[in-house]
Structure formats: C-alpha cells, structure tokens
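Chains as they are written, first to last, in my numbering: chain R, 23 to 477; chain S, 2 to 238; chain B, 3 to 181.
Heads up, the beta-carbon is just placed ideally off N, CA and C, and yes, glycines get one too.
Values in this document were obtained by computation on a predicted structure and should not be read as measured data.
The structure appears below as structure tokens.
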Amino acid sequence: MKRVDHAEASSVFLKSKSHAEFHDKRLWDLRQKRDREAHAIPEWEELRNLASAIKEHTLSHLADYLEQFERNAIANGMQVHWARDAAEHNQIVFDLLEKNGVRVLVKSKSMLTDECEMRPFLEARGIEIVETDLGERIQQLDDEPPSHIVVPAVHKLRADVAEVFSRTIGTEKKRSDVPYLAESQRQHTRPYYLKAGAGMTGANFAVAESGSFVVCTNEGNADLSANLPALHIASIGIEKLIPRLADLGVFVRMLSRSALGSPITQMTSHFRAPRPGSEIHIVLVDNGRSERLGMEGFWPSLKCIRCGACMNTCPVYRRSGGLSYGATYSGPIGVIVDPAFNLRKYSALPFASTLNGSCTRVCPVKIDIHDQIYRWRKVIAERNQLPMVKKEAMRMAGKVLSSPKLYRMAVKAAQAGLDYLPRSMIYNPLNAWGKQREVPKAPKQSFRDWYVKNR
Amino acid sequence: MKVGLFIPCYVDAFFPEIGIATLELLERLGVKVSYPLDQTCCGQPMANSGCHEDAAPVERLFVKNFAKFDHVVTPSGSCAHHVRERAKLHRKTFELTEFLHDVLEVREFPWAKFPHKVGLHVSCAGLRGLGLGSTSEIAGPAFSKPLALLSKVKGVQIVKPARPDECCGFGGTFSVTEEPVSARMGCDKVNDHLAAGAEYIVTPDPSCMMHQKGCAERLGLKLKFIHIAQVLNGARP
Amino acid sequence: MTSRVDILTRVRRNQPAAVALPEVPLFDAVVHDFKFNLERMGGEFATSIDVRKKFPQAKVIVSTVPEVEGNRTLPDDPRQLEDVDVGVVRARFGVAETGSVWLSEREFGVNALGFLPQHLVVLLDPKAIEPNLHHAYRHPAFREARYAVLMSGPSATADIEGILVRGAQGIRSLTVVAC
Numbered sequence: 023m024k025r026v027d028h029a030e031a032s033s034v035f036l037k038s039k040s041h042a043e044f045h046d047k048r049l050w051d052l053r054q055k056r057d058r059e060a061h062a063i064p065e066w067e068e069l070r071n072l073a074s075a076i077k078e079h080t081l082s083h084l085a086d087y088l089e090q091f092e093r094n095a096i097a098n099g100m101q102v103h104w105a106r107d108a109a110e111h112n113q114i115v116f117d118l119l120e121k122n123g124v125r126v127l128v129k130s131k132s133m134l135t136d137e138c139e140m141r142p143f144l145e146a147r148g149i150e151i152v153e154t155d156l157g158e159r160i161q162q163l164d165d166e167p168p169s170h171i172v173v174p175a176v177h178k179l180r181a182d183v184a185e186v187f188s189r190t191i192g193t194e195k196k197r198s199d200v201p202y203l204a205e206s207q208r209q210h211t212r213p214y215y216l217k218a219g220a221g222m223t224g225a226n227f228a229v230a231e232s233g234s235f236v237v238c239t240n241e242g243n244a245d246l247s248a249n250l251p252a253l254h255i256a257s258i259g260i261e262k263l264i265p266r267l268a269d270l271g272v273f274v275r276m277l278s279r280s281a282l283g284s285p286i287t288q289m290t291s292h293f294r295a296p297r298p299g300s301e302i303h304i305v306l307v308d309n310g311r312s313e314r315l316g317m318e319g320f321w322p323s324l325k326c327i328r329c330g331a332c333m334n335t336c337p338v339y340r341r342s343g344g345l346s347y348g349a350t351y352s353g354p355i356g357v358i359v360d361p362a363f364n365l366r367k368y369s370a371l372p373f374a375s376t377l378n379g380s381c382t383r384v385c386p387v388k389i390d391i392h393d394q395i396y397r398w399r400k401v402i403a404e405r406n407q408l409p410m411v412k413k414e415a416m417r418m419a420g421k422v423l424s425s426p427k428l429y430r431m432a433v434k435a436a437q438a439g440l441d442y443l444p445r446s447m448i449y450n451p452l453n454a455w456g457k458q459r460e461v462p463k464a465p466k467q468s469f470r471d472w473y474v475k476n477r
Numbered sequence: 002m003k004v005g006l007f008i009p010c011y012v013d014a015f016f017p018e019i020g021i022a023t024l025e026l027l028e029r030l031g032v033k034v035s036y037p038l039d040q041t042c043c044g045q046p047m048a049n050s051g052c053h054e055d056a057a058p059v060e061r062l063f064v065k066n067f068a069k070f071d072h073v074v075t076p077s078g079s080c081a082h083h084v085r086e087r088a089k090l091h092r093k094t095f096e097l098t099e100f101l102h103d104v105l106e107v108r109e110f111p112w113a114k115f116p117h118k119v120g121l122h123v124s125c126a127g128l129r130g131l132g133l134g135s136t137s138e139i140a141g142p143a144f145s146k147p148l149a150l151l152s153k154v155k156g157v158q159i160v161k162p163a164r165p166d167e168c169c170g171f172g173g174t175f176s177v178t179e180e181p182v183s184a185r186m187g188c189d190k191v192n193d194h195l196a197a198g199a200e201y202i203v204t205p206d207p208s209c210m211m212h213q214k215g216c217a218e219r220l221g222l223k224l225k226f227i228h229i230a231q232v233l234n235g236a237r238p
Numbered sequence: 003m004t005s006r007v008d009i010l011t012r013v014r015r016n017q018p019a020a021v022a023l024p025e026v027p028l029f030d031a032v033v034h035d036f037k038f039n040l041e042r043m044g045g046e047f048a049t050s051i052d053v054r055k056k057f058p059q060a061k062v063i064v065s066t067v068p069e070v071e072g073n074r075t076l077p078d079d080p081r082q083l084e085d086v087d088v089g090v091v092r093a094r095f096g097v098a099e100t101g102s103v104w105l106s107e108r109e110f111g112v113n114a115l116g117f118l119p120q121h122l123v124v125l126l127d128p129k130a131i132e133p134n135l136h137h138a139y140r141h142p143a144f145r146e147a148r149y150a151v152l153m154s155g156p157s158a159t160a161d162i163e164g165i166l167v168r169g170a171q172g173i174r175s176l177t178v179v180a181c
C-alpha cells in the first residue's frame, strides 16, 4: 500500500495562489470566531476539563455504557445493530434498505459513513444516494472526498462550485453568486427528501441514560432526512457515547463554538424513539475503535467530538488542504487517528506537523494532540516505517552528535563546504532547504573556537 | 550558582554571535558561567524524528556534560523544551529569557539601546512548551517573559503582527521534509511582521530565526534579524 | 460469536483505567438575553404577529395553535407539507443562552412541519425560557419526547466561501413571538 505523500500533495495545493490564500484566510477566520465565543465564556476552561473528564470516564466504562444505551434504545422502540468493521456496517445498511424496498437514500453528513466507504458499496448495489449537506453534496457531485469534517468543500471557490453544479445539476455556467448556488442545491435536493425510501444520519452524541442520540446541523437536512421517509438509519461510532442528558449541556455548548464560532448549530436534534408507523435503526460501529481503546498514549484520541477546531488552527492544514492527507480524517486529529487504521500508508502524516501545539489548546475535550503526534513518530521509527533517507540521516546525525570529536570535525567541514562551494551546488533540487529560502552563511569561527580563544 | 551554558549545535556552527552575546550578558549580570567544551547537541533533531535510539547516546553525552551544574541555560526555546520537558535530561534547564525573568529577575538593561521598530517572535516550543507567554487560544491575562525584558530596552518600539503566535513553520526536519508548507509559513510570517512595520525581527529562538531570515532574504524583504540575547546585551547594529 | 459480543468483549478488555465522572454545574451566573441571541442566530423576535400581514404572498398556512388560523389542516403524511408557505406552532420552552426554541412531536403534530414549510412562526411563553443549556438539559421533556429539536434561527449554511446563506434546506425564516 502506497504511502500518502503529504508534502507532494501540499505543493500541488499551494500552486494556486487564490485557492491557497482563501483557504488559509477562511479557516483562520473560523479560528478567530472560535476565540471570540470561547473567550466570552468565563468558564470555558472549566468546560474543557469537564468535557475531557466525562469522555475519559465514559471510555473507561465504555462496555457498560454501550449496554445501557442499547437497552434503553430498544426499550424506546428503536433497533440496534452492531458492526465490527466497515464491511459489516455497509452490509447491515444495505440489508435494511433491501428489506424495505428502498431505492433512494437521502443522508446528512456522517464522517463514519465516509470512513466505511459506504456510498460506493451501496451504489454498486443499485441504491441512489443523495448527500444533503451542501458541502458534502458539492464533493459528491465532483467525485471528490470531503476535505474538512465540518465544511467539506472549504477548499473550493465559488467558481469551482459553479463549474460542478453546471456540469451536474444544470445551473447556469456563468453564474457563481453564492445565494444562487445554494438555492439551486435546495431546489434540486428537495424532491429527493420526498421520494426517498430511507434517510440516514450520523450522530454527534449517543446518550446512555436515555437511549437517545443527537444530530447537530445548520441546514436542517438531518431533520428532513429523518422525518420524511419511514426508515431512519443512524450510524454511530462506539466512541460517541456519553453517560447522561446533563452532559449534553457541556458538549452542545462547546461543539459549534469550537467548530464555527457560533453558540449552537441552527438545529440540534434529539432522537429517542421512532414516529408511529416508522422505524429507527442504529448501527453501532467499531471499525478499529476498540483496538485504539487499548493503545496506551493514543486512546484519548477517542474523545474527539468532530468539531474541526484543530484543523482550523493548524497552520499546516490551512496551507495544504484536507485532501493532502489522503484520508477521511485530516488535520491534527487525522494525523493521530489515521496511522492506527494503516501505519504504513499514513506514516508520513505525523511528520506533517511542526509540533507547535495550537491544536491541543483549542481542542474542547483536551486531547493531547501534538503529544500524540510526537509519540506516533516514535512508533513509526520503531516499526521501520521511516523513509530510508530520513532513517539514515538520523542514524548518521546520532553517530556524529554523540561524539565530541566527530561533531567538531563536522562543524569544520560544514563551514568549509558553505564557504567554498559555488551557489549552484548549494542551491539544487536535492537541497530542499534552498528551494525557497537562503542558506545561512558560514562564519569564520564557531562559538567554541571563540570561547577557547577568549575565555 | 554555577550555570552551564548550552549552545545548540547550529548556533555553535552558524550563529556564534548569539552564543557570545548570551555568555557576555550572563557574565554582565554576575553569573558564573561555564561552557563544557565537549558538548554537542541535546538530541532534539533525532527524538523529534521518532529516532529515540539514535538520540539516546547524544542525550547521555549531554547529561554527562551538564550533570554537575545547578542550572543549565541555553539561548534556544526548543532545545530547553526538549531537555527539560521531553527528554528530562536536566531539571533546572532554562531558556535564556525565562532564566533572566524568573531566576535572576532582571528588570533593567541600562547598557542596552535598540531604537528600532521590532517584531518579537517567540517559538511555539517556548510559548506553549515552556510557557514563556500567553497564547491567543486561551483567554486570560496576557503575559510574555521575553516581551517584559525587551520592552525595558531604550528605544525599542514593539509592533505586533496580525497573527502574533502562529507557528512560523521551521519545525526541525519539517523545514526540509515538508518544504512547500514550511516555506509558505515562513514567508507568511515575515510578510506579516513587515506589514506591521517591523524593521527587525527579534527572537529568543535561533532556529525560527534561521528559517525566517532565509525566507526574507529569498523574498528580498527589507527585514533584519537579531537574537534577543544580542539586543539585551547592548548590540548596536 | 455475534458482532455484539465480539465488540463488547474487546472493549471490556481494552478499557483504560477508571476515571471518575464529574458533576456538571449549572453555570448560570451570567444572564443571557433571549432576543439578542435569537437575532444573532438569524431569527426574528416579535411580541405579536399578524401572519397574513407578515407573509402576504403565503398561500398555504398550517397552524397548530388556537391563536392563529391556518387554511389547511395538518395532514397525516408529512410529504403533504411540501407546499406549505408558513407553519405556526408553539414551543414548549426556550433557551436564553442560544436564542433557541424547543419543539417535539407534540408541538409539531407532524415533525416535518418544522422543516418543509418555507417559514416558521413559533409562539413562546416568555416565562418558559431556560437561562442556559445546562438548565435546558435538565428539563423532563427530553425524557418524554420521541423527537425534539432545539431550533436556533432559520436553516443556514456557509459552506461556499464562508458566505452565509439563510434558508439552506429547511425554513427560510424563523419568527419567535413572545406571547
């Protein structure tokens, strides 16, 4: 399996100045909006502590909470299925659709269904799926994965959306004003809600105490998807559990403030039991989560509530775009979660980071993201997944730097090399440093030389 | 109090003036400073690459060189962070400005004068790793140890960039393995300081300085770079 | 072994060491302004309403409240709400912190009434406003309702270039009438 080359993908992303500049500005603006909301709440840091403790408690008692949730959900009249992995999830969903004669499925945003690659699975079996979230719909029509977990098409400018829509849903090619594009998607999607045989959602939180789950959207597309067809399927990762309804006070207060800098999503919807005459089926999904739960130093990544604040603050993510990570989860959270899915494929991701630590400070559930990035690097080196060039360079560096004599020789050699080599030899493609930066000039004497002479 | 002076490998090789200024400044303040001649590196480059086995002998050498000192001081936030917080090689290891601010409690630099518009850059390792200052993610009273010291220098005019604590993109080997993003971040950073009116970028971190200076020079920007040790020590460039 | 047993066994085996569950305080020292927050979220606030005057173009009005007379009764099939211009309902309670109104199947009659019509008017007793979300989530209604939504303004999106569009897929406007 080929290793994702984040650096190469980022250089492609950075080629378009207008796209790169907008992407960085837009996400930094979300970060600033988040700051304004968070700083306006005097108890914000206390909320973070509570959110983190509630999640850690839940994960340390997850089996009990899963059983409690299932018990209560069933008592409420919902049905609960369990999927070990993506394949099982997809099969369960398909079987439900087939059993109910469903040909058209409308769905709201669910990173879990992307993670399970559900759409191609269902489409291959004759199901027509319509993503109802505007950003996800743009990406679906463009046959591209979402690039951000909250704003899936943030990397596209309006002209790009106009091009996609004119090609797929018949909008006027030349019209790229945003209200027109959004209205076009509204009109095009609306008939699907009415004719769909089933609606599918994810869940932001699953409450054990009440056997209910919560879906947060701004567009109201989850409410339309769930309240029109007679079948509602909800895909829920097992890590979404929280113990009590009172805990929602903490998480709902923090989610949209962290994600978009708005106090709450326009619609915060709570599903506890099906409407008379309809069914709700919950699919609880593992897909590697129970494994991750046992990984010391890494299991706190399961606290994630999918707010995307880490992506918005990450200077690397803002300048490389989510698609550069080659995975459903990108940015800082992706970097610590993806290697658990596939170490080799995602071995470069923990190095797509400067370890600056901003992500850790905005995370509402206090995941120690940059510390986990640091730990993953150790795992990757130990499991021999570093590129050969880097591995060798570090081995040599270790040898030289652990010997005072070799070190002093290297310093002298470096000074000589930079003094006498012509520019063309220093500035060549192999010298990545020199691509867009000047190389420091070699001084006449090192500090040590000076110290020996003067002290 | 005997202080062991730790000079990072690339400062030793490329920016000896930073080491000289650091030593002179500490001596001026009455500190007994000693520079172990067999020092090399703290092990950060290898450890940050995940190669802890390669870092180990380097770290052992560091411990050997500095064990006998009450305090270790270094003019680099990232190195101090690695030594004290990550590898835990010496408990009382300080980055220069936190040593001046917290241990020596220096508040005056009467010999120093720096009549220029200055953009202060503090590394992420220093800010978030060592707690040298508050950061914009977390609400609370603003504070900055390097700024507290720098603002005591006659003539200094601090100008603030639009994104004061965004990473500049050095990140160690990141600067080479993820060159496109690293260079973009560095260029954005220096342009931000320039737009705020900075003539000089002053920083306690030579690695960030090396990176930003490289970007600014390639872009042909009218920006000069100097380490905070040099300014506090009275440099008159 | 069923997937359920398999997953629960693995979870139980891998669970980290127990962490205590904290109590969640009410955090109600700060007083929030319902009207201010509703408007911030894109909703409108009124103390009285004449629906036909406010929506002169509206052809189909469905009302579940005695205060406002609609011109079509609530259908059984939610799909038949597709051409409704204005829906009128009464919220169970509101939340000052976020400018939200709480509605369930009892208030909607048919849940889709909150999302298919072009506009929604929500009557709200000003005495039934919870100070913040911590208070709201202690409300017993959450344990009884099959479906409940905290609606905070009309549907909206900023998915394209961050430009805010109100009336994304659900209602284009939300008017809360304090009465």
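Residue i - DSSP class collapsed to helix/strand/coil
i, result
"Gln101 of chain R", "strand"
"Gln45 of chain S", "helix"
"Gly120 of chain S", "strand"
"Ile173 of chain B", "coil"
"Val32 of chain B", "coil"
"Lys3 of chain S", "strand"
"Glu28 of chain S", "helix"
"Tyr449 of chain R", "Bear in mind that the predicted position of Tyr449 of chain R carries a pLDDT of just 49, short of 50, making it too unreliable to give a figure here."
Beta-carbon proximity of residue i to residue j, cut-off 8 angstroms
i, j, result
"Leu133 of chain S", "Thr23 of chain S", "no"
"Gly51 of chain S", "Glu86 of chain S", "no"
"Leu105 of chain S", "Leu30 of chain S", "yes"
"Val179 of chain B", "Ser5 of chain B", "no"
"Gly420 of chain R", "Ala56 of chain S", "yes"
"Glu158 of chain R", "Lys131 of chain R", "yes"
"Ile162 of chain B", "Ala175 of chain R", "yes"
"Val182 of chain S", "Ser342 of chain R", "yes"
Neighbour list for residue i in chain R, Cβ cutoff strictly below 9 angstroms
i, result
"Ala130 of chain B", "What Ala130 of chain B touches in chain R: nothing, since even the nearest Cβ is about 18 angstroms away."
"Leu38 of chain S", "Pro426, Arg470, Tyr473 and Val474"
"Ser65 of chain B", "Ordered by position in chain R, no residue passes the 9 angstroms Cβ test against Ser65 of chain B, which lies about 19 angstroms from the chain."
Interface partners of residue i on chain S, CB under 7 angstroms
i, result
"Met2 of chain R", "Residue 2 of chain R is absent from the model: chain R starts at 23 and stops at 477."
"Arg341 of chain R", "Val182, Arg185 and Met186"
Element boundaries [beta strand (DSSP E), containing residue i]
i, result
"Ile162 of chain B", "Counting along the chain, Ile162 of chain B falls outside any beta strand (DSSP E), and DSSP gives it neither H nor E."
"Thr94 of chain S", "Thr94 to Glu96"
"Leu122 of chain B", "His121 to Leu126"
"Leu306 of chain R", "Glu301 to Val307"
"Tyr139 of chain B", "Looking at the DSSP string, Tyr139 of chain B is not in any beta strand (DSSP E), and its letter there is neither H nor E."
Beta-carbon neighbours of residue i, restricted to chain R and to distances below 8 angstroms
i, result
"His121 of chain B", "Going along chain R, no residue has its Cβ under 8 angstroms from His121 of chain B, so there is no contact; the nearest lies around 13 angstroms."
"Ala184 of chain S", "Lys457, Gln458 and Arg459"
"Val103 of chain B", "Per Cβ cutoff of 8 angstroms: no residues; Val103 of chain B is ~11 angstroms from chain R at best."
"His212 of chain S", "Arg459"
"Leu30 of chain S", "Result: empty, since nearest Cβ-Cβ is about 16 angstroms, beyond 8 angstroms."
First and last residue of the uninterrupted alpha helix (DSSP H) at residue i
i, result
"Ala60 of chain B", "Looking at the DSSP string, Ala60 of chain B is not in any alpha helix (DSSP H), and its letter there is neither H nor E."
"Glu479 of chain R", "Here chain R comprises residues numbered 23 to 477, so residue 479 of chain R is not present and cannot be evaluated."
"Met276 of chain R", "Leu267 to Ala281"
Partner residues on chain R for residue i, Cβ-Cβ distance less than 7 angstroms
i, result
"Glu167 of chain S", "Pro337"
Interface partners of residue i on chain S, CB under 8 angstroms
i, result
"Met416 of chain R", "Pro46, Met47, Ser50, Cys52 and Asp55"
Neighbouring residues, chain B, relative to residue i (Cβ below 9 angstroms)
i, result
"Thr223 of chain R", "None at all; the shortest Cβ gap to chain B is about 12 angstroms."
Inspect the CB distances between the region 54-66 of chain R and the region 195-209 of chain S and report whether three or more fall short of 8 angstroms.
no
Mind the definition here: the region 300-313 of chain R touches the region 240-256 of chain R only if three or more C-beta pairs lie below 8 angstroms; say whether that holds.
yes
Validate contact between the region 266-278 of chain R and the region 323-331 of chain R using beta carbons, cut 8 angstroms, 3 pairs:
yes
Using 8 angstroms as the Cβ pair cut-off and three pairs as the minimum, do the region 396-403 of chain R and the region 354-361 of chain R touch?
yes
For the region 148-155 of chain S against the region 402-418 of chain R, are there 3 or more C-beta pairs whose distance is under 8 angstroms?
no
Under 8 angstroms, with one C-beta from each stretch per pair, do the region 156-173 of chain S and the region 76-88 of chain R reach the 3-pair mark?
no
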